[in-house]
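Report on the structure given below.
Dropping the structure here:
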């Protein structure tokens, strides 16, 4: 194998491993030593590909978030879905790509990053999560409250679905599936807890 091919193969292996670890443990609890060890390379070899942990983290988040945006956009092109079905499928997309709460991980990382990296992470979140979700809330069929902007609704939505990522009291006991539980949580977020009058 040529050196360039080997370097690219190693880089992709670093990205895969870093993605898994950053999503499972968060930015603060993942070290470049952990990543290098799982890839089977030395830490200096990792630094040959990525100058530091922040650069690697931002590359991982850029790559992951572009997949999230692409999948949300696919959902938005399914015009035969009701607004509630669309929102459920957007939630499924987020859960597919994130094993833990997006906002929990974002808040943990943002406090540990340099100012420049904070700005980049904010841009990634805005462009690839908030903007496509705001597009959902702009649809007239959604009937968004007039006192909430679509961007604000997207931010609230991402924050409110944290229980879906497994950090919640198991409502419904063992009588319902995980999907049914997630749909119940999503319905309570959108419709509230009170019976409509």
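Residue numbers (the working numbering): 457 to 653.
The C-beta atom is built at its ideal place from N, Cα and C for all residues, glycine as well.
Which of helix, strand or coil DSSP assigns to residue i
| i | result |
| --- | --- |
| residue 653 | Reliability of the predicted coordinates at residue 653 is poor, the pLDDT of 49 falling under 50, and no value is obtained from them. |
| residue 609 | helix |
| residue 556 | coil |
| residue 584 | helix |
| residue 485 | coil |
| residue 536 | coil |
| residue 596 | helix |
Range of the contiguous alpha helix (DSSP H) that encloses residue i
| i | result |
| --- | --- |
| residue 517 | 509-532 |
| residue 478 | 459-481 |
| residue 645 | 634-647 |
| residue 502 | 499-505 |
7 angstroms CB neighbourhood of residue i in its chain, flanking five on each side removed
| i | result |
| --- | --- |
| residue 653 | The predicted model places residue 653 with a pLDDT of 49, which falls under 50 and marks its position as unreliable, so this point remains unresolved. |
| residue 594 | 606 |
| residue 581 | 562 |
| residue 592 | 532, 542, 543, 546 and 598 |
Beta-carbon contacts of residue i that lie in its chain and below 6 angstroms, excluding the five residues immediately before and after
| i | result |
| --- | --- |
| residue 597 | 539 |
For residue i, the nearest candidate out of the options (CA to CA)
| i | options | result |
| --- | --- | --- |
| residue 621 | 511, 557 and 582 | 557 |
| residue 469 | 493, 559, 487 and 569 | 493 |
| residue 513 | 631, 644, 588 and 483 | 483 |
| residue 618 | 462, 555, 491 and 568 | 555 |
| residue 475 | 498, 511 and 530 | 511 |
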